[in-house]
Each structure stands twice: as structure tokens, then as C-alpha cells.
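Colleague:
Protein chains in written order, with the numbering used here: chain A, 123 to 142; chain B, 538 to 777.
1) Kindly confirm or deny that the region 725-739 of chain B and the region 545-559 of chain B touch, where touching means at least three C-beta pairs closer than 8 Å.
2) So residue 621 (chain B) packs on residue 581 (chain B), CB below 8 Å; how close in whole Å?
3) Between residue 83 (chain A) and chain B, is the shortest Cβ-Cβ distance under 8 Å, so that the two count as touching?
4) Can you give me, in chain order, the residues of the region 697-725 of chain B that have a beta carbon less than 9 Å from any beta carbon in chain A?
5) Comparing alpha-carbon positions, which option in B:709, B:747 and B:751 lies nearest residue 725 (chain B)?
6) With distance defined between alpha-carbon atoms, name the residue in B:658, B:703 and B:681 nearest to residue 642 (chain B).
7) What does the Cβ neighbour count give for residue 564 (chain B), buried or exposed, with the cut at 16 atoms within 10 Å?
8) With a threshold of 8 Å between beta carbons, is residue 728 (chain B) in contact with chain A?
9) For residue 488 (chain B), which residues in chain A fall below 7 Å Cβ to Cβ?
10) Measure the alpha-carbon distance for residue 566 (chain B) versus residue 559 (chain B) and round it to whole angstroms.
11) Would you check if there are 3 or more beta carbon pairs closer than 8 Å linking the region 634-654 of chain B to the region 705-716 of chain B?
12) Using CA atoms only, rank isn't needed, just tell me which of B:629, B:593 and B:727 is closest to residue 664 (chain B).
13) Let me see if you follow: with CB-CB separation under 8 Å, is residue 738 (chain B) close to chain A or not?
14) Quick check: the Cα distance between residue 586 (chain B) and residue 616 (chain B), rounded to an integer number of angstroms?
15) Given that residue 746 (chain B) touches chain A, what residues does it touch there, using C-beta distances under 7 Å?
16) Taking just the CA atoms, how far does residue 644 (chain B) sit from residue 672 (chain B)?
17) Can you tell me the Cα-Cα spacing of residue 583 (chain B) and residue 134 (chain A), whole angstroms?
18) If you run the structure through DSSP and keep just helix, strand and coil, what is residue 611 (chain B)?
19) By the criterion of Cβ-Cβ separation under 7 Å, what are the contact partners of residue 693 (chain B) in chain A?
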């Protein structure tokens, strides 16, 4: 998949959901 | 268990919607399916009376998502005593809309040469999941942030023995699309989207802990009353 710069954003979302 | 169709979408087994004793000998059972982008009502008519049945017709009451027969009900021949006929009736979603309780309730009238009969059935909301329900990743992130946490519903899905790839594949064949997958501290977190025929988007986060059969499903939607019906669909798909 093309890196559209959103990979990092999803990582941050997942991290924040795991450690609110 | 349900019947797998060529597209891989899940179809619940048929149940009796109208017992013969309530309809002067006409028994109606059925289920709902989505095949190649078309919603279908799969109906079995059985004549348990002692006279022939003819002149069948079907009509729906207005309902939450505008479900309506897209073609007349056509039985190839009259229904003789003890005869069974199976029909797949295509449905559209452009009929009159009225919010039902529960949301997925469909009230149906069937007529034949003997009388008119009424029954209710509950359809699984996944028949409304459209084929273009994969949300742009950027839109997903913005929408997820935008929908307040008060509109988030969280559920446990228990006893599901699938890994995250199998889950994604199974859901995708039912028009639930995985947009991103992240692993955080050993948990797989799947971000998913689906869209209903009326344009309502549903965003999901599914947490899967390797080795644990219990998943956590979080749903965000601008119409939060839909969440419990989406949960029912996830459970049916993942456990069948």
C-alpha cells in the first residue's frame, strides 16, 4: 500500500486507545 | 449453521415467520441475503391446507430502511396441498421510510386466494452493508475523532477462535472493510468501516488478543442506536 502519511496517524490512534 | 453463498456472505438459516395454523394452512419461512449487491428475501411457501392456493402477492409496511419488493411475488404454479415452493424476492431500499421498533423489524402482508395474512420478521442489518463501504483512511481518522465518545458503544464478542487475518477476510466478504491494522503490546487492533444503504457510516475498532477467544468491539456511528444490530451481525459472521 502507498504510504500516504497516515500510517503514523493510525499507530498513534491505536496507542492512544490502548493507553487512554 | 448457515448456507455459504458463492460471494462468501453469511446468510442466517430460514426460520418460520408464519405458522400454518395462523394462516389457514399457509406456512411461510424465510431468511434475508445480500448477493452481488442485491438484497434478497428467500421465502419458502408450504401449503398445509386441503385446497389449492393461487393468486399470491406480497406487501411490506413502511420500515426503517425503506425495504420494499423490487419485483412482484411470482410463484410459477399454483400451490397444491402438501407442496412447497421456494422464491427469492429481490428487494430495493427506496420504499417509504418509518422508524420501527426494533429498528430491523419488517412487517409483511401476504395475500392468496384464501385470505390476507400478516407477520413480522427481523432482518440482519448486514444485508444493508454496501459494497463501497471502505472509507478513505484520512476520512476515517477525522470521523473517528469527530464522533464524540458518548456515541461510542463497546461490546465483548466471546468464544471466537479466529486470528485477525481470518477475521478481516470473513468480514470483508460481508462488506466490512479493514482499513488499518496495528499491533500494540501484543494486541491486534483492526480499524474497520461499513456503510448502510441509506448512507450512514459505521466505524469500528476490533481488538484481538492472540490466544484469547474474547474480542472487544468498539463502534462509532452518528446514529448510535444502530450499534447493537451491528454487534449482532459481527457475532453471526464470526461464529459461523
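A virtual CB, placed ideally from N, CA and C, is assigned to each residue, including glycine.
Modeller: This is what the structure gives:
1) no
2) 6 Å
3) One cannot answer for residue 83 (chain A) here, as it falls past the ends of chain A, which runs 123 to 142.
4) 716, 717, 718, 719, 720, 721, 722 and 724
5) B:747
6) B:658
7) buried
8) yes
9) Nothing about residue 488 (chain B) can be read from this structure; chain B reaches only from 538 to 777.
10) 13 Å
11) no
12) B:629
13) no
14) 10 Å
15) Per Cβ cutoff of 7 Å: no residues; residue 746 (chain B) is ~11 Å from chain A at best.
16) 32 Å
17) 57 Å
18) coil
19) By Cβ distance, chain A contributes nothing, its closest Cβ being about 16 Å from residue 693 (chain B), past 7 Å.
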